[in-house]
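In what follows, a single structure is set out as structure tokens and then discussed.
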Amino acid sequence: MRLVDRHGRRVGHSSFTAPDPARLVELHRAMLIGRRFNQQAGTLARQGRLAVYPSSTGQEAAQVGGVLALSDQDWLFPTYRDSVALVAHGVDPVRTLTLFRGDWHCGYDPHRYRCAPQCTPLATNASHAVGLTYAARRKGRDVAALAMMGDGATSEGDAHEAYNFAAVWNTPVVFLVQNNHWAISVPLHRQTAAPTLAHKAVGYGMKGYHVDGNDAAAVYAVVSHALAEARAGGGPAIVEAVTYRVDPHTNADAPQRYRDPAEVEHWKERDPLIRSERLIRDEGLLGDAEETERALAAFGAEADAIADTVRERLAGAEELDPRSLFTDVYATVPPLLEQERAVLADELREV
Amino acid sequence: MRLVDRHGRRVGHSSFTAPDPARLVELHRAMLIGRRFNQQAGTLARQGRLAVYPSSTGQEAAQVGGVLALSDQDWLFPTYRDSVALVAHGVDPVRTLTLFRGDWHCGYDPHRYRCAPQCTPLATNASHAVGLTYAARRKGRDVAALAMMGDGATSEGDAHEAYNFAAVWNTPVVFLVQNNHWAISVPLHRQTAAPTLAHKAVGYGMKGYHVDGNDAAAVYAVVSHALAEARAGGGPAIVEAVTYRVDPHTNADAPQRYRDPAEVEHWKERDPLIRSERLIRDEGLLGDAEETERALAAFGAEADAIADTVRERLAGAEELDPRSLFTDVYATVPPLLEQERAVLADELREV
Amino acid sequence: MAAAPGVSMGEALNRALHDAIEQDPDVLVYGEDVGPLGGVFRITDGLIGEFGPERVFDSPLAEAGIVGTAIGMAMYGLRPVVEMQFDAFAYPAFEQVVSHLAKMRNRTRGAVALPVVLRVPYGGGIGGVEHHSDSSEAYYTHTPGLRVVTPGTPADAYSMLREAVECDDPVVFLEPKRRYWSRQEVDLPVRTEPMATPVVRRPGTDATLVTYGPMVETALEAAETAAAEGRSLEVVDVRQLAPLDDGVVTASVRRTGRAVVVHEASVFGGYGAELAARIGERCFHYLEAPVLRVGGLDVPYPPPKLEHHHLPDANRVLAAVDRLQWESEWTDDGEGRVRP
Amino acid sequence: MAAAPGVSMGEALNRALHDAIEQDPDVLVYGEDVGPLGGVFRITDGLIGEFGPERVFDSPLAEAGIVGTAIGMAMYGLRPVVEMQFDAFAYPAFEQVVSHLAKMRNRTRGAVALPVVLRVPYGGGIGGVEHHSDSSEAYYTHTPGLRVVTPGTPADAYSMLREAVECDDPVVFLEPKRRYWSRQEVDLPVRTEPMATPVVRRPGTDATLVTYGPMVETALEAAETAAAEGRSLEVVDVRQLAPLDDGVVTASVRRTGRAVVVHEASVFGGYGAELAARIGERCFHYLEAPVLRVGGLDVPYPPPKLEHHHLPDANRVLAAVDRLQWESEWTDDGEGRVRP
Ligand SMILES: Cc1ncc(C[n+]2csc(CCOP(=O)(O)OP(=O)(O)O)c2C)c(N)n1
Ligand SMILES: Cc1ncc(C[n+]2csc(CCOP(=O)(O)OP(=O)(O)O)c2C)c(N)n1
Ligand SMILES: [Mg+2]
Ligand SMILES: [Mg+2]
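Protein chains in written order, with the working numbering: chain A, 19 to 369; chain B, 19 to 369; chain C, -8 to 331; chain D, -8 to 331.
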């Protein structure tokens, strides 16, 4: 499924229509912010100011397209790869990096942002999304969820169990699978023999959608549709967004060991930002040529500003109190942890 | 897919043909033995001579049809429900009951019978079948495997992972799912929203077959076909055999709590033995009426004899040496276990 | 048939679930076969009938999925009580338990609490075939963030399960399945001591038996026999295994000077190692004899016909008590061991 | 760039895999990213190039599937060596490990051996984000049927991995990931003491440090510092954690009269509890002071910037040694604890 091709030209589709111009512009703007964010975080990682960063450069359309389709009360269940999705969802960009900076595990209050912690154990977040939407429905709230996972993660038993629970309980979850062709060094054909990952939906009695993941308009349209269906009781769905991880798995990765640079070049030509910018220009979605330049420059400046703020705010060291290690293990600090806290305080005094 | 209907009449099928008459008779004979075995074991369980017995009455066609399709070098990976399959596979009937009698965990040498231990943790045996056939192929042996599981077990992550490994590695495994409509007290519609369990194959790029599991001819034909394809490199397959668990889950179960006796009656009319006997009679597969009576009576006598032998051999208590508890934990008994063995010997002397 | 006197542990648990569901609309019960069947041990008997399938229901058969969805529900304010059908069938959920259930509060600096109760019938003694009798407590007690509790009496079963459901921490609620049928005279509802505190089940002066769950009865039986033989054993029921409040245990052993730790699990690396190590450290100057451990053999759980060799009974406990170097009877063999 | 002198633990492990694959056609290596990438820690570096994808390959991303298929392969005579990418990512395989890998030999009365090696890079100290630094040994050591081993030096890493591959029992081979880069002068191939036997890494007379894996270096560092301060510490490296051959440990503590058990894992319910309980029992009459345990805090593994507070270092070990009631300095506070 594709609505905008790599040259920015619209492609007709029988069941889906592209979002309206304002939304197309909004998608582009969010991708631009995401791209700059990825670059900034990558730089910080190279400088050692983040412990690690898993970049999603090249995947901005899949993340932004999925997240912008959420309604105000909906929840996001992201992975470590999805910082751009979090930013688009409204999470404070600096707080999406708390994990990678090593300050704490989750940098934000999940309730405040309707966003679960970035999940590292693969596919384990998917059943959380099922449970949360089940609970919300029971409480009479119209809450859907977007559960994100990679192509590799679909091989895990947890993915299977979550799909199945969602389908049997008919909970409003859309599973957004970013098929970026690689699970670290393992290519998709060593991960599955299925025609597409969207085909997995068949085995759960769900709908599966196979979408050009570098076409933000298509991802947005399909996820919106799937969310609306799910919300209306039509059942959960799998959306496979076919995209590509242009950067290494993380800054610690060595992609030259396992993939051909030509493959990366191939995908760079399909960059989601190129096509959305072309569409905007060709169709004049931001007005005439001059207005367009000005607006795009403003977006660029906004993206730069966000990236700059992130850099600056990360420069100030967060105050990390080692006593906080004991605070939130249990609802109240049990006696043994009180003792350990006292011992640690002694140790720290001695140093 | 069905080749013989519940009245014992053949049903034409475009891609599958029924096995030859000798094989049809063999299937019937094995089912008869299986049915009597189920009855005998059930009786022994009611008498307290088995700790527990999960009967497969009503499922004989699925088990026998699947197992008789195996070649001499092939392996069987059964569950606790599959004693009849083991017996048809050639495992000493008494030794299939060792587990349920509580003498030991596995009563037979898996290598001798090319049969893994009866597996209780659901779906966990499936990946073993994948690994074993992978290994055999690497050693240049033409070994396929039949991995058995129930409808409920397909919900487990282990089922998913095994299907996927088999498909990606292209190992010759046929996953035989006995859909007996219940996982203890949980009906199929609370287990999956898929049109059929065979549809699950799609998500792995495998073939899926949906078969009347009370039609031994059909199960045999489909499993044979799937094994041949898998052996020839055509990939693994899921065969869903639709059948019914006529007895309680085990003798400790209380099915009146969760299912309508009318449902059981409905299925009893579809008993696999009724239809195979009708076919044999109607088509004269065992000769004229008199020859047929004689032959069927002989099968009945053989089945009774096997059941009697089981009862008698189980009457003689097996010698259980508590020191054997320590023998096969590791390849050699480590010092700590030697000490424990000595302590236990002391305890036993004191009693 | 006249009802047996008192309340069985199974009935107490059933009543606790009943009352919890009744009193808090956010409580719900699900798992494998907990609906119309009432669970394979009937602990959820009648609940679906009384409260309907919105509150009590059967889920698909997948333990990681059960725990994962419970985590998600708890994130949105429900209080799910989920059942793992048997100890060994909780292992598929191990990643969800260790990597999420135990850690979510800590990961989110307290923003997300997970008031989930994971009910696990555990331990042997019921003649179950393989994988139905594991004592898996040590896997959970070494996992910070989990509360691990196990009742030893029907009254505690009721009270602790109510407390577990009310607790804002995830609770691994280990039910000693062989004691489901043990009865006690008690009026429900009852509230016993807070679950975080060990209790002295029987006072004594000569040695302390430290135990929990299925072995509480066994230890009391041993103490009874010992009393008849003139030896006074104190029995401490730990109840909440983690996080442990070791004050009661320490005080008891300092008083008696001797301790035997008793559990059903294999001794090696079992929870009893923690108790013994801790007693050894905290009571060093009070100990008249080494702290001994009595437990299951260090072998996979045996088949039904051999399980009685594995399971500690009162005799095995008393044999250990006899080895506690009662001066008049024992001398050191020079090897750190002491023989009569 | 001149190569650093000696062999790193990572190189030793790589060479061990290399030699094992070369010498036995039944050995094969698979898991996540062990092929062209050479593993995220490069322990399988170069192996696929040398031996081809029939012997070394990447599997689908599913740990239970990896262990389950390895079990099946071993049933048919192969000797799979599989990698779990990090400690916490072995949890999805927990059921396969506990219910099958550990028990298959016993279930089949010895008919089916499972010579599988499960390589698990474990522990912290590398600045990893959550779920990348668990010390999960206690989960395995409490599971009869598994051999659980962990090397503390490059030479042992080579030798023990070779032995693990040759061993007919399933081996959980725990690799102290923070020591992958630790170097030692050694000529490979080398065979050290059999892995089942603990070794004295450094002799001493005043107290014994009992440790393993990543803490061997730390303990040796502590012993070095103590020596400079006039205190002679013996360091015992346990190596095979289960089944444990406790003779060397017992003999050492009986000689020195004092013991500190050191590991990285959280103390509560950790493997150190077994060591401490066992020493307390076997060395009771030889102990001059309680057996102390030094380990990680009883909290979920902290984020990178705080992990140094969690991880025991030589100072924390020495602080424990100081609390071993050296007569001249200490007096009992009447509470079983002793304060200067
Ligand atoms: C259960 C589990 N196993 C292994 C890992 C280690 N790991 C981290 S990312 C990754 C690859 C994931 O690939 P994919 O799902 O395609 O996501 P991507 O990184 O491409 O976004 C692996 C193996 C993990 N995080 N969790
Ligand atoms: C991992 C696991 N979870 C739970 C159980 C308990 N249990 C035993 S049989 C069963 C139902 C299985 O249903 P199904 O797969 O349909 O097989 P059937 O018994 O109908 O043959 C359950 C839940 C188990 N054996 N293993
Ligand atoms: Mg990927
Ligand atoms: Mg079934």
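For each residue, glycine too, the CB sits at the ideal point set by N, CA and C. Just so we're clear, the structure is a prediction, and the values are computed from it rather than from any experiment.
Exercise for review: Excluding the 5 residues preceding and the 5 following aspartate 306 of chain B in the sequence, name in chain order all residues of the same chain whose CB lies nearer than 6 Å to its CB.
Suggested key: Here residue 306 of chain B corresponds to residue number 288 of the second sequence, with the count starting at 1. Excluding sequence neighbours, aspartate 306 of chain B sits near nothing in its chain.
Review point. Quick one: is valine 201 of chain D buried, meaning 16 or more other Cβ sit within 10 Å of its Cβ, or exposed?
Key: Your numbering for residue 201 of chain D matches position 210 in the fourth sequence. By the neighbour-count criterion, in which a residue is buried when 16 or more other Cβ atoms sit within 10 angstroms of its Cβ, valine 201 of chain D is buried.
**Study point:** Near ligand 5: alanine 201 of chain B beta-carbon under 7 Å from a heavy atom
**Key:** In the structure shown, ligand 5 is absent; the only ligands present are ligand 1, ligand 2, ligand 3 and ligand 4.
Check your understanding: Since asparagine 182 of chain B meets chain A, which of its residues come closer than 7 Å, beta carbon to beta carbon?
Key -> Locating residue 182 of chain B in the second sequence gives position 164, where the first residue counts as 1. The contacting residues are Ser173, Thr210.
Check your understanding: For ligand 2, any of its heavy atoms closer than 7 Å to the Cβ of glycine 170 of chain B?
Key -> The residue given as residue 170 of chain B occupies position 152 in the second sequence. Yes; taking the cut-off as 7 Å, the Cβ of glycine 170 of chain B has a heavy atom of ligand 2 nearer than that.
Exercise for review: Could you name the residues of chain A that glutamate 179 of chain B contacts, counting a contact when the two beta carbons are closer than 9 Å?
Suggested key: Working through the second sequence from its first residue, we reach residue 179 of chain B at position 161. What glutamate 179 of chain B touches in chain A: Ser173, Glu174, Gly175, His178.
Practice item. Output yes or no for whether 8 Å exceeds the beta carbon distance between leucine 354 of chain B and aspartate 49 of chain C. Key: As a working mapping, residue 354 of chain B is identified with position 336 in the second sequence. As a working mapping, residue 49 of chain C is identified with position 58 in the third sequence. No, Cβ-Cβ distance for leucine 354 of chain B and aspartate 49 of chain C is not below 8 Å.
**Study point:** Separation of tyrosine 277 of chain D from serine 223 of chain D, as counted between CA atoms
**Key:** For the purposes of this step, residue 223 of chain D is taken as the residue at position 232 of the fourth sequence. For the purposes of this step, residue 277 of chain D is taken as the residue at position 286 of the fourth sequence. Each residue's alpha carbon lies about 17 Å from the other.
Practice item. Determine the chain A residues that contact arginine 96 of chain C at a beta-carbon separation under 8 Å, and present them in chain order. Key: Indexing the third sequence from 1 puts residue 96 of chain C at position 105. Result: Asp346, Val347, Tyr348, Ala349.
Review point. In angstroms, rounded to a whole number, what distance separates the CA positions of proline 279 of chain A and isoleucine 202 of chain A?
Key: As a working note, residue 279 of chain A is residue 261 in the first sequence. As a working note, residue 202 of chain A is residue 184 in the first sequence. Approximately 15 Å, taken between the alpha carbons.
Practice item. With arginine 208 of chain B as the anchor, note down where its alpha helix (DSSP H) starts and where it stops. Key: The residue labelled residue 208 of chain B in the question sits at position 190 within the second sequence. Looking at the DSSP string, arginine 208 of chain B is not in any alpha helix (DSSP H), and its letter there is neither H nor E.
Point to revise | Length of the line joining the Cα atoms of threonine 151 of chain B and arginine 132 of chain B | key: Taking the second sequence and counting its residues from 1, one reaches residue 151 of chain B at position 133. Taking the second sequence and counting its residues from 1, one reaches residue 132 of chain B at position 114. For threonine 151 of chain B and arginine 132 of chain B, the distance between alpha carbons rounds to 12 Å.
**Study point:** Closest residue to glutamate 177 of chain A among A:Asp160, A:Ser242, A:Arg208, A:Lys218 (Cα-Cα distance)
**Key:** For the purposes of this step, residue 177 of chain A is taken as the residue at position 159 of the first sequence. Before going on, a small fix: residue 177 of chain A reads as alanine here, not glutamate. Residue A:Lys218 is the option with its Cα nearest to alanine 177 of chain A.
Review point. Expressed to the nearest angstrom, what Euclidean distance is found between the alpha-carbon atoms of serine 381 of chain A and alanine 259 of chain A?
Key: One cannot answer for residue 381 of chain A here, as it falls past the ends of chain A, which runs 19 to 369.
Point to revise | Proximal residues, the region 141 to 155 of chain B versus chain D, C-beta separation under 9 Å | key: Thr142, Asn143, Ala144, Ser145, His146, Ala147, Val148, Gly149, Leu150, Thr151, Tyr152, Ala153, Ala154
Check your understanding: Using a C-beta to C-beta distance shorter than 7 Å, which residues of chain D count as neighbours of valine 186 of chain B?
Key -> Mapped onto the second sequence, residue 186 of chain B falls at position 168. By Cβ distance, chain D contributes Pro51.
Practice item. List the endpoints of the continuous alpha helix (DSSP H) containing glycine 1 of chain C. Key: Translated into the one-based positions of the third sequence, residue 1 of chain C becomes position 10. Unbroken alpha helix (DSSP H) run through glycine 1 of chain C: 0 to 14.
**Study point:** Given arginine 99 of chain B as reference, the closest of B:Asp90, B:Ala141, B:Ala153 once Cα atoms are compared
**Key:** For this step, residue 99 of chain B is matched to residue 81 along the second sequence. When each option's Cα is compared against that of arginine 99 of chain B, the closest is B:Ala141.
**Study point:** Close-in-space but distant-in-sequence residues of the same chain around methionine -8 of chain C (CB under 7 Å, 5 per side omitted)
**Key:** One-based indexing of the third sequence puts residue -8 of chain C at position 1. Because the pLDDT at methionine -8 of chain C is just 43, under 50, the model does not fix this residue reliably, and the point stays unresolved.
Review point. Based on the DSSP output, what are the partners of cysteine 133 of chain A in its beta bridges?
Key: Reading the first sequence from its first residue, position 115 is the one you call residue 133 of chain A. According to DSSP, which records beta bridges pairwise, cysteine 133 of chain A is partnered with A:Leu94.
Practice item. State yes or no: is the beta carbon of lysine 157 of chain B nearer than 8 Å to at least one beta carbon in chain D? Key: For the purposes of this step, residue 157 of chain B is taken as the residue at position 139 of the second sequence. So, interface residue.
Check your understanding: Heavy atom of ligand 4 less than 7 Å from the Cβ of asparagine 182 of chain A, yes or no?
Key -> Along the first sequence, one-based indexing puts residue 182 of chain A at 164. Not so, every heavy atom of ligand 4 lies at least 7 Å from the Cβ.
Check your understanding: Can you tell me where the beta strand (DSSP E) with histidine 254 of chain D in it begins and where it stops?
Key -> Taking the first residue of the fourth sequence as position 1, residue 254 of chain D is located at position 263. Where histidine 254 of chain D is concerned, the enclosing beta strand (DSSP E) stretches over 250 to 257.
Review point. How long is the line joining the alpha carbons of alanine 305 of chain D and histidine 254 of chain D, rounded to whole angstroms?
Key: On the fourth sequence, position 314 is the one that residue 305 of chain D refers to. On the fourth sequence, position 263 is the one that residue 254 of chain D refers to. Near 12 Å, if we compare the C-alpha coordinates of histidine 254 of chain D and alanine 305 of chain D.
Practice item. Compare the C-alpha of histidine 300 of chain D against each of D:Val25, D:Ala256, D:Pro281 and name the closest. Key: Position 309 of the fourth sequence, counted from the first residue, corresponds to residue 300 of chain D. Histidine 300 of chain D has its Cα closest to that of D:Ala256, out of D:Val25, D:Ala256, D:Pro281.
Point to revise | Per-residue DSSP class, three states only, for aspartate 169 of chain B | key: Taking the second sequence and counting its residues from 1, the one referred to as residue 169 of chain B is at position 151. Of the three classes helix, strand and coil, the one that applies to aspartate 169 of chain B here is coil, per DSSP.
Check your understanding: With DSSP run on the structure shown, which of helix, strand or coil describes glutamine 77 of chain B?
Key -> The sequence position of residue 77 of chain B within the second sequence is 59, counting from 1. Coil, per DSSP.
Review point. Glutamate 154 of chain C touches chain B at which residues, Cβ-Cβ below 7 Å?
Key: Counting from one through the third sequence, the residue named residue 154 of chain C turns up at place 163. Taking a Cβ-Cβ threshold of 7 Å, none of the residues of chain B is close to glutamate 154 of chain C; the smallest such distance is about 29 Å.
Check your understanding: Name the DSSP bridge partner or partners of histidine 228 of chain B?
Key -> Residue 228 of chain B sits at position 210 when you count from the first residue of the second sequence. B:Glu258.
Check your understanding: Within 8 Å (strictly less), CB to CB, does valine 103 of chain C reach chain A?
Key -> Locating residue 103 of chain C in the third sequence gives position 112, counting from the first residue. Yes, its Cβ sits closer than 8 Å to a Cβ of chain A.
Practice item. Could you list which residues in chain C have their beta carbon closer than 8 Å to that of valine 282 of chain D, in chain order? Key: For the purposes of this step, residue 282 of chain D is taken as the residue at position 291 of the fourth sequence. Chain C residues near valine 282 of chain D: Ala268, Gly271, Glu272.
Check your understanding: Closest Cβ-Cβ distance between glycine 223 of chain B and chain A: below 8 Å?
Key -> By one-based count along the second sequence, residue 223 of chain B stands at place 205. Yes, glycine 223 of chain B lies at the interface with chain A (some Cβ there is under 8 Å from its Cβ).
**Study point:** Residues sharing a beta bridge with leucine 194 of chain A, DSSP
**Key:** Start at 1 with the first residue of the first sequence, and residue 194 of chain A comes out as number 176. Looking at the DSSP assignment, leucine 194 of chain A forms a beta bridge with A:Met166, A:Val257.
Point to revise | Residues that leucine 354 of chain B contacts on chain D, provided the C-beta gap is smaller than 8 Å | key: As a working note, residue 354 of chain B is residue 336 in the second sequence. Correct list: Pro234, Leu235, Asp236, Asp237.
Point to revise | Extent of the continuous alpha helix (DSSP H) to which leucine 165 of chain D belongs | key: Along the fourth sequence, read from residue 1 onward, the residue named residue 165 of chain D stands at position 174. Unbroken run through leucine 165 of chain D is the beta strand (DSSP E), 162 to 167; no alpha helix (DSSP H).
Review point. Hey, would you say the C-beta of arginine 169 of chain D is under 7 Å away from at least one heavy atom of ligand 1?
Key: Counting from one through the fourth sequence, the residue named residue 169 of chain D turns up at place 178. No, Cβ of arginine 169 of chain D sits at least 7 Å from all heavy atoms of ligand 1.
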